[in-house]
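What follows is the structure, encoded as structure tokens:
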């Protein structure tokens, strides 16, 4: 199969909601190759603890690339304990300038329970304006649904779960098999 004929891997919706002193990161479990679901139970949201400092990270894109980025983030956090923003900026800087890292195809949502960032290979470290962010194929659907619910009485986890359910109803590359992690500062 030629590279241009290869259908490509698709899938993933990751979102984070910050409300009521908590941050909830939720991710679906679907991985698709072309129009075929390869796996429905992938775990794309993880808790890591470099140097005893807890963070939750969710990733969209190539799994191997995301794991390489998570390892780099852990290293950055070990050298700057408790400074998620600094570690994220250093990772984004390396990602943009290192010839090996430039080829990585993934995005990350990272949080320590207080700060919340989206980190991209373009060198971006973005903090959401409305305490909701999302990435991946169904990210815009989850983001819109989550933002619409932020003024409600729902807690962060319920907003995340409902928004992800809406995204999974719309995006064919997103399923309802969720991994949900909650963290607070």
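Numbering (our numbering), first residue to last: -1 to 183.
For every residue, glycine included, the Cβ atom is placed at its ideal position computed from N, Cα and C.
| query | result |
| --- | --- |
| Backbone secondary structure at residue 25 - three-state DSSP | strand |
| Counted within 10 angstroms of its Cβ, other Cβ atoms place residue 57 as buried (16 or more) or exposed | buried |
| Identity of the residue in 17, 165 and 102 nearest residue 63 by Cα | 102 |
| Endpoints, the beta strand (DSSP E) within which residue 58 is located | 53 to 59 |
| Buried versus exposed, by CB contacts within 10 Å (16 or more), residue 166 | buried |
| Cβ contact (3+ pairs, closer than 8 Å) linking the region 124 to 143 and the region 171 to 181 | yes |
| Distance CB(residue 132)-CB(residue 144) smaller than 8 Å | yes |
| Cβ neighbour criterion (16 or more within 10 Å) applied to residue 36 | exposed |
| Among 164, 155, 175 and 66, nearest to residue 17 - alpha-carbon criterion | 155 |
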